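> Plus 1089 on top of the position in the sequence shown (first one is 1) and you've got the working numbering. Even for Gly, the Cβ is constructed at its ideal location relative to N, Cα and C. Since this is a predicted model, take the numbers as computed values, not measurements. There's a structure below that I have some questions on.
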Amino acid sequence: MPDDKQAIWSDLKLQVNTHLEQLWQTDWDTEVDNKLHEIRPNLKQILDFDERLNRKQETVVSRLRIGHSWITHGYLLKGQQQPYCTACESPFTVKHILVECADFLLSRQKYFKTTHMQTLFREVKASQISDYLRLKYMAKSEANV
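Shown next as structure tokens:
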């Protein structure tokens, strides 16, 4: 009899967990303006790093994934207006810098070809992204990106 209770408990636990995951995914799918949702639409997908990174590098890549960097969000801490790209007058965002700005296209293509954030963070090595940013002088330092 104890084995039957254990089996019932295991089945129930699995069903509850599955239901909670579905609820969480449904809620997550309503977050269409969430920058991380664009990169990770399915919560079961794990965003692993494709190479060994130190803690500082992991922090930089994680911030870029959610669209946060000193160059794109520092204005908030300084109480200033949001910066705009001088080349195309679009809001200066991580997404704009990494995949959208036509002015950066040639230098970007030396490091990666994608124009989608999800593909960028799944298929391009963090070191390539970092090298591109260093080339464009967009990062004051890796700690501030």
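(1) Asp-1180 bridges to which residues according to DSSP?
(2) Among the residues of its own chain, which have a CB less than 6 Å from the CB of Lys-1124, if the five just before and after it don't count?
(3) Reducing DSSP to helix, strand and coil, say where Asn-1106 ends up.
(4) Should Lys-1199 be labelled buried (16 or more other beta-carbon atoms within 10 Å of its own) or exposed?
(5) Name the residue from Ile-1160, Arg-1223 and Glu-1147 whose alpha carbon lies nearest to the alpha carbon of Phe-1210.
(6) Would a C-beta distance cut-off of 8 Å place Met-1206 and Glu-1120 closer than the cut-off?
(7) Could you give the DSSP three-state label for Val-1121: helix, strand or coil?
(8) Return the CA-CA distance between Leu-1051 and Ile-1097, expressed in angstroms with no decimal places.
Put simply:
(1) As a working note, residue 1180 is residue 91 in the sequence shown. The question names Asp, yet the displayed sequence has Pro at residue 1180. Bridge partners of Pro-1180: Tyr-1173.
(2) Within the sequence shown, numbered from 1, the residue matching residue 1124 stands at position 35. Within the same chain, Lys-1124 has close Cβ partners Ile-1155 and Gly-1156.
(3) Numbered from its first residue, the sequence shown carries residue 1106 at position 17. Helix.
(4) Start at 1 with the first residue of the sequence shown, and residue 1199 comes out as number 110. Counting Cβ neighbours within 10 Å, Lys-1199 comes out exposed, since fewer than 16 surround it.
(5) The count along the sequence shown starts at 1 and reaches residue 1210 at position 121. Phe-1210 has its Cα closest to that of Glu-1147, out of Ile-1160, Arg-1223 and Glu-1147.
(6) Taking the first residue of the sequence shown as 1, we reach residue 1206 at position 117. Taking the first residue of the sequence shown as 1, we reach residue 1120 at position 31. No; because the gap between Cβ atoms is not below 8 Å, this pair is not in contact.
(7) Numbered from its first residue, the sequence shown carries residue 1121 at position 32. Coil.
(8) Not covered by the structure: residue 1051. The range shown for the chain is 1090 to 1234.
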